[in-house]
Amino acid sequence: MEPVFNRVAMIGLGLIASSMFWGIRRAGLANEVTGYARSDETRDTARRIGLCDRVCDTMQEAVTNADLVVLAVPVGVMEQVMQDIAPYLAEGAIVTDVGSVKRHVISAVQPHLPSHAHFVPAHPLAGTEHSGPESGFAELFDHRWCLLVPLEDTPAKQVARVRALWEGLGSYVDEMDADHHDLVLAVTSHAPHLIAYTMVGVADDLRRVTDSEVIKYSAAGFRDFTRIAASDPTMWRDVFLTNKDATLEILGRFTEELFALQRAIRTGDGDMLHAYFTRTRAIRRGIIEAGQDTDAPNFGRERS
Ligand code: NAP
13 MEPVFNRVAM IGLGLIASSM FWGIRRAGLA NEVTGYARSD ETRDTARRIG LCDRVCDTMQ
73 EAVTNADLVV LAVPVGVMEQ VMQDIAPYLA EGAIVTDVGS VKRHVISAVQ PHLPSHAHFV
133 PAHPLAGTEH SGPESGFAEL FDHRWCLLVP LEDTPAKQVA RVRALWEGLG SYVDEMDADH
193 HDLVLAVTSH APHLIAYTMV GVADDLRRVT DSEVIKYSAA GFRDFTRIAA SDPTMWRDVF
253 LTNKDATLEI LGRFTEELFA LQRAIRTGDG DMLHAYFTRT RAIRRGIIEA GQDTDAPNFG
313 RERS
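In case it helps, this note's numbering puts the sequence shown at residues 13 to 316.
Below, the structure is given as structure tokens:
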């Protein structure tokens with residue numbers, strides 16, 4: 013494949029950036045990838061495992077002459093990072109991000125963007141509960157969606173280049189506006205994470221079962237919650253603080269539904285429960301038909 017960019021700079025070298033690097037290398041999407049992370053430890057690890065063609069000790073060095081800069085840091089530090097790199101951005105450089113929240117990132121980043129650069133916000137809908145430079149792999153984005161949230165005044169040509177990058181990484185690409193993105197993600201990702209965190213917290217509170225029985229008899233439902241609840245605390249703190257309105261809206265609806273189900277259990281309304289579970293089962297079938305999960309028993313995992 014023809015390279016889409018000459019030099020790509022990764023700011024932040026965690027799960028998403030490292031997966032992007034391996035994917036860029038797999039498909040030959042850039043001639044050179046530079047990388048920067050704030051800690052010596054992460055930069056040393058990156059050098060040791062060959063992550064990026066060049067790991068830089070400063071953001072300035074990483075972004076100099078880059079035609080694409082990827083902000084792959086937690087949502088809460090995007091503004092600071094953008095402020096720090098702004099003076100060093102090349103003429104015509106594209107800045108993109110991978111943040112899980114879009115409205116907040118746009119309002120944090122855009123004011124600091126120099127007039128000679130472009131911002132194309134993006135969000136790959138792919139991840140794992142692992143973080144850090146060693147957790148990435150080239151296949152992470154294969155057959156997953158990446159949502160672009162182009163700004164009104166961004167030339168279509170720049171948006172098309174970011175789209176080509178994500179398609180080259182194996183993703184399907186769609187475009188939507190920031191508020192819609194944040195609401196969709198509150199339903200599909202943010203609220204479910206909060207519910208998983210809560211459920212695992214509740215089990216942990218029941219001390220008498222924690223140490224032994226919760227782990228020993230951990231059944232599919234609870235195990236899936238624990239996997240989600242093992243996700244990076246910094247990333248998820250920032251998601252909830254910056255997608256506050258949409259998450260609270262969805263959690264409000266969730267609470268109402270929960271009360272309705274609670275009442276059905278209390279009053280023995282089996283018809284209501286059965287109808288409800290029939291409806292939700294159809295949603296699961298839709299996800300499998302769309303190729304976004306496997307139908308294998310136990311989600312295709314080995315028995316443990
Ligand atoms: P991660 O594995 O925890 O890596 C975060 C990286 O950001 C680390 O390299 C960290 O450096 C660096 N960093 C943190 N604060 C920084 C600062 N102030 N200045 C410079 N670098 C800083 O995170 P990730 O999972 O790749 O997530 C990155 C972004 O992708 C987040 O915005 C997240 O919302 C989004 N995202 C995540 C997922 C997911 O499932 N994980 C999915 C889609 C989108 P050190 O290692 O030196 O601390």
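The beta carbon of each residue, even a glycine, is placed where N, CA and C say it ideally should be.
Notebook entry, point to check: Is the distance from the Cβ of Ala-276 to the Cβ of Leu-270 below 7 Å?
Noted result: Against a cut-off of 7 Å, the Cβ pair of Leu-270 and Ala-276 comes out as no contact.
Checklist line | Cβ-based burial, Glu-314 [other Cβ within 10 Å; buried from 16] | finding: Annotation note: pLDDT 47 at Glu-314 (below 50); position unreliable, coordinate value reported separately. By the beta-carbon neighbour count (other beta carbons within 10 angstroms, threshold 16), Glu-314 is exposed.
Next item on the list: Evaluate Asn-255 with the Cβ neighbour count: other Cβ atoms within 10 Å of its Cβ, from every protein chain shown; 16 or more gives buried, anything less gives exposed.
Entry: Label assigned to Asn-255: buried.
Next item on the list: Look up Ala-172 in the DSSP assignment and say whether it is helix, strand or coil.
Entry: Under the three-state reduction of DSSP, Ala-172 is assigned to helix.
Note to self: For Leu-218, count the other beta carbons within 10 Å of its own beta carbon; 16 or more makes it buried, fewer makes it exposed. Which is it?
What the structure shows: So Leu-218 ends up on the exposed side.
Check: Three-state secondary structure (DSSP) at Arg-315?
Finding: Only weak support is given to the placement of Arg-315: the predicted model assigns it a pLDDT of 40, under 50, and the question is left unresolved by the model.
Note to self: For ligand 1, I want to know if Ala-150 counts as a neighbour, meaning its beta carbon is within less than 6 Å of at least one of the ligand's heavy atoms.
What the structure shows: No - ligand 1 has no heavy atom lying nearer than 6 Å to the Cβ of Ala-150.
Checklist line | Of the listed residues Ser-143, Leu-181, Ala-168, Leu-195, nearest to Cys-158 (C-alpha basis) | finding: Of the listed residues, the one whose Cα sits closest to Cys-158 is Leu-181.
Margin query: Quick check: does the Cβ of Ser-119 come within less than 6 Å of any heavy atom belonging to ligand 1?
Written below: It does not: the Cβ of Ser-119 is nowhere closer than 6 Å to a heavy atom of ligand 1.
Checklist line | CB-CB length for Thr-108 against Pro-133, believed under 8 Å | finding: Right, the Cβ-Cβ distance comes to about 7 Å (below 8 Å), so this counts as a contact.
Margin query: Can you look up Phe-271 in the DSSP assignment and give me helix, strand or coil?
Written below: The DSSP-derived three-state label of Phe-271 is helix.
Margin query: What would DSSP say about Tyr-184, mapped onto helix, strand or coil?
Written below: Tyr-184: strand per DSSP, three-state reduction.
Check: Since Phe-237 and Val-212 are thought to touch, with beta carbons under 8 Å apart, how far apart are those beta carbons, to the nearest angstrom?
Finding: In this structure Phe-237 touches Val-212 by the C-beta definition: roughly 5 Å separates them, less than 8 Å.
Check: According to DSSP, which residues form a beta bridge with Phe-17?
Finding: BP columns for Phe-17 point to Ala-42.
Checklist line | Simplified DSSP state of Arg-66, which is helix, strand or coil | finding: Strand at Arg-66.
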